[in-house]
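Undergrad: Position one of the sequence shown corresponds to residue 58 (our numbering), numbered consecutively onward.
Where is the CB? At the ideal position from N, CA and C, for every residue including glycine.
These figures come from a predicted structure and were not determined experimentally.
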Amino acid sequence: MKYRVLAAAGAGAALMALAVAGQQASAHHAFAAEYDGDADVLLKGKVTKVEWINPHAWVHL
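(1) Tell whether a beta-carbon distance below 8 Å holds between V98 and L118.
(2) Can you give me the start and stop residues for the beta strand (DSSP E) that A114 sits inside?
(3) Have a look at G102 and W115 and give me their C-alpha separation to the nearest angstrom.
(4) Start and end of the alpha helix (DSSP H) containing A96?
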């Protein structure tokens, strides 16, 4: 029984951590303040470089 309580507490703590991390990630950038999310954008070009730099990836055209 003790292990079930510990497992439930651990699962609850993990869910809370994910919920808080998700909120912080969405607040990390003010996308709506910078971009129109409803507008379509068409990019044409040759991908010359892809960089995986924490915390973002960069695609060079």
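TA: Judging by the given coordinates:
(1) no
(2) 113-117
(3) 15 Å
(4) Careful: A96 lies outside any alpha helix (DSSP H) and carries neither H nor E.
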